[in-house]
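*Asks:*
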Amino acid sequence: MVIAVVPLLIHLWNRRQAKIVDFSSLIFLQIAHRQSVRRIQIKHLIILILRMLILMFIALALARPILKNQFSFAGSRTKTSCVIILDHSYSMSYQDVDGSRFELAKSVAVNVVESLQNGDNVSIILMSNKAEPIFRQLTRDFDQVKSIIRNTNASFQSTSISPALIMAHNLLMESTAPNKEIYLITDLGKNGWQNFGHLSNSSGARVFLLPIGNSVPNNIGIEEVETSPKLIGVNIPIRLKVGIQNHSKDPVNSTNLKIFIDDKKQSHIATHIGSKERVNLTFKHSFASPGIHTGYLELSPDRLPIDNRRYFAVESYKQLQALCVGNNNLYLSLGLNPERELKPTEEYTILPSNCTANELKNFTFENFDILVLADLPELTDQVKQTIQSFLRLGKTIIIFVANQIDTKNYNSFLEWMPATFLKPTTWDPPTTISDYNLKHPIFEVFQDTTFFTTPKFYRGFQLEPTKNANVLAKFQNQIPFLIERKIGRGNMLLFNVSVTDPSSSDLLVSPKFLPLLQQSVLHGKSLQSTQKRNLLVGQQYITKLEQHRSVVAEIHFTDQVSYTIPIHSNGVLKFGETYKPGIYQINVEGKNSTLHDFFVVNVDPSESDLTPIDVNQAADRISAHIAVKPEGDTWRQTLNSQRTGREIWGTMLVLAIGLMLLESILSNQNEI
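When we follow our numbering, the leftmost residue of the sequence shown carries the number -17, and every step to the right adds one.
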C-alpha cells in the first residue's frame, strides 16, 4: 500500500511558498482572495485523496484479495489448487487391524479429490526417498486423478519428507488460485523426518497433515547379511552372519530364519528376540564350485513381509594363478597350496607358478592374477616391467623383503613402492605383531585379538610409509609389518619379513602363515572386481566388462521381466531399474566369450523401524494443521467450509475506475 503515498509526496514536493510583497493599492482585495484560495485548497486536497485512493484500489485488485466467511456477505466458495502427497514407501504396506495402511491412505487421497469442485485443480506426488509427481502441472481431470490413485501400489523404497513438500510448494507457486492447499498423507515413520529441520511455506498454502495408522506397529526385519571372511575360496568354510532387529516394544517369542543358497534350502534356526533387541545369527557353509553364488534369508511372516527377506550374492574363487618370482620359493609355494603334491591341483584355490627374475620374459602376465616377489635382492629392469604390466592390468603385487636386499635399488622405484627402506635392523629381544586392523579382509579370519603374539620376528627393516599408503599391521615396536598402497587400478602389498629365510622369524613355521598368505592373495584378487553386487532399492548397478565393449547385455529379474542394456564403448555397463528387491542375472553374448553374472537388490533396512514421530512435532516442522481421518460427506463439507470467500479484486477495479472519472472531472474544472 506504499504506492498510495506517492501522490502525497508529489503534492508536498510541488508546494511553493508564496513570497509576500506589500502593495498598498491591492490591500483591499486580500479578504476576497483568502476566500478563493481556501476553496481551491479544499479542491486540491480532494483531488489528492482521490488519487491516493485510486492507486490503493489498483494495488488491492492486483493482490486478488478474498473476504473469508467470517463476513456475512462473503459466503461463496473460492477456487482452490490442491497438491496431495501420498506416502508410498514400503512401510505403508504394514497391515493394521483395519487393513493395509496404503489402501487406507489411497481412500483418504480419493476423498480429498472428491471434495474439489469445478474450477479447482489438483496434482499428486508419490513420496518415498524421492518425489515422483504424477502430474507435473495442476489438472482439472479429477476422474483421471482418482483412477491413478486407486491403481497405485506401494513401492519398495524408504521415506524422505522434504523433497516432496518442496516440490508441492513449487507446483502451487505457479497457480493463480486464491486458495492453495497441500495434503500430506503418511504413517509418520521417523525415518522420513531425518536430515532436515523446519521447512518454510514458500507457496503460502495451507498444509494439512493426515496421519495414517492408529496403533503402534510391531515389526521385525533382517538388517544385514555378511560373510566372514569376505574373501571366499572353494571348499573353504565361511560364516554367514545375519542381523535381525526387533523394532517393537513387545518381544517375539519365536521366529524361524531360513537360508536358501543357489535355490536350495540349506538350514533354518528358531530364535527368540526381546523388546527392541538385535540378534545376530550365524550359518556355516562352504561352496563346492567357483563363481557367483546367490541366496536369501527369510523370516517367518509378519504384518510387514517386505523386510523379512534379504538377498545376497558372493563370489568364490578357484584356481587363482599366482606367479612367484624368487630364487627359493619353497615356503611360499607350500603356503599358497600346502597339498599340491598330494592331490590334483585343480581342487585348490591358489595355483602357484615359480620362476626366477631372469625367467620372467617367458611368461604371459595376462594369465596370472597375482604377482609375488619373494626376497629379490634387487629389482631388475625385467622385474620393473613386470610390475608395471600387472599394475596396468589392475592386478595386485605382493612383496616380501629380506635383510639382504639392495635398499638403494628398491628406493629408486618409490613411484609405486609403498614405503621407503631406511636400514635393516635386528631386534633383541625379538618383537611380535601387536597392532593390526581386524576388520580388514586379510585379518578378519583371525578372530582372536592375540593372533600375532606367538610368531616372533628377529630381523626386518625400518620403513617410512609413503603418504598415500595404508599401514595394516605393526610390530610391537611400532615399525610397520604390512603396508598397502593403491596405484592406479592396481595394488601393492609390502610385507616387512622374509619368506625364504626361516631364521628371520617364526612366521614361516607358524600355523598363522598359511591363512595370512592365502587371505592376502584372495584380497588381491577381490580388488580387481569393480562392481558392487549387493545394492539397495534405487541404487545404480555399475560394472566394467573389458571384453564385451559395445555389445548388448540382457538383465533378467524374473521369467517375465527382463531388460536390454547396451554396454558402452569403454566397457561400462550401467543399470538403474533397481526398484524391486530380488536377484538380477546378467547375460552377455560376446564374439569370443559368454558372461553370466549376478547382483542382488534389497530394501533399505532403516525403513523397517515404524516408530512414528510425534504428530505435533511433525506438524510444527512443516507448518501444518493436523487433520482428522476423513469420513464421508461431513469431512468434505468441513473442507469446503474452509474454502469459502469472495474475490473482491473486480470490485476494487470498478471503484478505481469510478474514482479516476471523478478525479478527472475535478482536475479539469477552471479555477476562479
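For glycine and all other residues, C-beta sits at the position ideal for the given N, C-alpha and C.
1. Would the stretch 523 to 537 and the stretch 553 to 569 be scored as touching if the rule is three or more Cβ pairs under 8 Å?
2. Applying the criterion that 16 or more other CB atoms from any shown protein chain within 10 Å of the CB defines a buried residue, is K266 buried or exposed?
3. So is S486 buried or exposed if we call it buried at 16+ other beta carbons inside 10 Å?
4. Identify every residue that forms a DSSP beta bridge with Y566.
5. Only counting runs of 4 or more residues, tell me where the alpha helix (DSSP H) segments fall wholly within the stretch 119 to 206, in order along the chain.
6. Report all residues from its chain with a CB closer than 8 Å to the CB of L98; omit the five preceding and five following residues, and keep chain order.
7. Taking contact to mean at least 3 C-beta pairs separated by less than 8 Å, is the stretch 150 to 170 in contact with the stretch 187 to 202?
8. Using the Cα positions of M34 and S605, report the straight-line distance between them to the nearest angstrom.
9. Would you say the stretch 340 to 351 touches the stretch 361 to 368, given that touching needs at least three Cβ pairs under 8 Å?
10. Could you tell me the distance, in whole angstroms, from the CA atom of Q529 to the CA atom of L475?
11. When the Cα of D541 is compared with those of Y566, Q521 and L490, which residue comes out closest?
12. Is the Cβ-Cβ distance between T560 and L517 less than 7 Å?
13. Would you report the Cα separation of N569 and F403, rounded to the nearest angstrom?
14. Is Y561 helix, strand or coil when you go by DSSP?
15. Could you check which residue in Y165, L312 and G179 has the C-alpha nearest to that of P193?
16. Measuring CA to CA, which of D78, L509 and Q651 is closest to R285?
17. Note down, in chain order, each residue of its chain lying with its Cβ closer than 8 Å to the Cβ of L68, except the 5 sequence neighbours on either side.
18. Indicate the three-state DSSP secondary structure (helix, strand or coil) for Y299 in the structure shown.
19. Between which two residues does the alpha helix (DSSP H) harbouring N391 extend?
20. Does the Cβ-Cβ distance between I288 and V582 come in under 7 Å?
21. Assuming V533 and I549 make a contact with CB atoms under 8 Å, what is their CB distance in whole Å?
22. Which of the three DSSP states, helix, strand or coil, is assigned to V90?
23. Enumerated in chain order, which unbroken segments of the beta strand (DSSP E) with a length of 3 residues or greater are wholly contained in the stretch 256 to 312?
24. Expressed to the nearest angstrom, what Euclidean distance is found between the alpha-carbon atoms of N473 and I461?
25. Exposed or buried, what is T414 when buried is set at 16 or more other beta-carbons lying within 10 Å of its beta-carbon?
26. Do you know how far the Cα of D169 is from the Cα of N111?
27. Start and end of the alpha helix (DSSP H) containing I116?
28. Spatial neighbours of P199 within its chain, please: CB distance less than 6 Å, with the 5 preceding and 5 following residues excluded, ordered by chain position.
29. By the DSSP assignment, the alpha helix (DSSP H) with D102 in it spans what residues?
30. Keeping to the same chain, check which residues put their C-beta closer than 7 Å to that of Y392; ignore five residues upstream and five downstream.
31. Cutting at 6 Å between CB atoms, please list the residues of its own chain near E114, excluding the five before and the five after it.
32. On a Cα-Cα basis, can you pick out the residue from I22, A41, K25 and H26 that is closest to I639?
33. According to the Cβ coordinates, are T276 and P160 closer than 7 Å?
34. Contact check, I204 vs T237 under 8 Å by CB: the rounded distance?
35. Taking only the alpha-carbon atoms, compute the straight-line gap between F539 and S590 and give it to the nearest angstrom.
36. Closer than 8 Å is the cut-off here; do at least three beta carbon pairs connect the stretch 411 to 427 with the stretch 485 to 502?
*Replies:* Judging by the given coordinates:
1. Counting Cβ pairs under 8 Å, three or more are found: they touch.
2. Counting C-beta atoms within 10 angstroms of its own C-beta, K266 has fewer than 16 neighbours from the protein chains shown and is therefore classed as exposed.
3. With at least 16 other beta carbons inside 10 angstroms of its own, S486 counts as buried.
4. Beta-bridge partners assigned by DSSP to Y566: F581.
5. As summarised for the stretch 119 to 206, the continuous alpha helix (DSSP H) elements at least 4 residues long and confined to that stretch are 124 to 133 and 143 to 155, given in chain order.
6. Correct list, in chain order: T62, C64, V104 and F124.
7. When Cβ pairs closer than 8 Å are counted between the two stretches, the stretch 150 to 170 is seen to touch the stretch 187 to 202, the count reaching three or more.
8. Taking C-alpha positions only, M34 is separated from S605 by approximately 37 Å.
9. Per the Cβ contact rule, the stretch 340 to 351 is in contact with the stretch 361 to 368 (3 or more Cβ pairs under 8 Å).
10. One C-alpha to the other measures close to 27 Å.
11. Scanning Y566, Q521 and L490 for the CA closest to the CA of D541 turns up Y566.
12. For T560 and L517, yes; Cβs fall inside 7 Å.
13. Cα to Cα, the separation comes out at about 48 Å.
14. Looking at Y561 - three-state DSSP - the assignment turns out to be coil, as it is neither helix nor strand.
15. For the set Y165, L312 and G179, the Cα lying nearest the Cα of P193 is the one of Y165.
16. Nearest Cα to R285 within the set D78, L509 and Q651: D78.
17. Counting only Cβ-Cβ distances below 8 Å, and skipping sequence neighbours, we find A87, K88, A91, I106, I107, L108, M109, I131, T134 and I167.
18. Strand at Y299.
19. First-last of the alpha helix (DSSP H) with N391: T389 to N393.
20. Not in contact: I288 and V582 (Cβ atoms no closer than 7 Å).
21. For V533 against I549, the beta-carbon gap comes to about 5 Å, under 8 Å, which counts as contact.
22. Helix.
23. Whole beta strand (DSSP E) segments, 3+ residues: 260 to 267, 273 to 281, 291 to 299 and 302 to 307.
24. If you draw a straight line from the Cα of N473 to the Cα of I461, it is about 21 Å long.
25. Using a 10 angstroms sphere on the CB of T414, the tally of other CB atoms reaches 16 or more, which defines it as buried.
26. Taking the straight line from one Cα to the other gives about 14 Å.
27. I116 -> no alpha helix (DSSP H), and no H or E assigned at all.
28. Contacts found: Y76 and L592.
29. For D102, no alpha helix (DSSP H) encloses it, and the DSSP letter there is neither H nor E.
30. Cβ within range, chain order: L361, M399 and F403.
31. If you ignore the 5 residues before and after E114, its C-beta comes within less than 6 Å of the C-beta of L108, all in its own chain and listed in chain order.
32. The shortest Cα separation from I639 among I22, A41, K25 and H26 belongs to A41.
33. Taking the C-beta atoms as reference points, P160 is found no nearer than 7 Å to T276.
34. The distance from the Cβ of I204 to that of T237 is about 11 Å, inconsistent with a contact at the 8 Å cut-off.
35. Looking at the two C-alpha atoms, the distance is approximately 24 Å.
36. Counting Cβ pairs under 8 Å, three or more are found: they touch.
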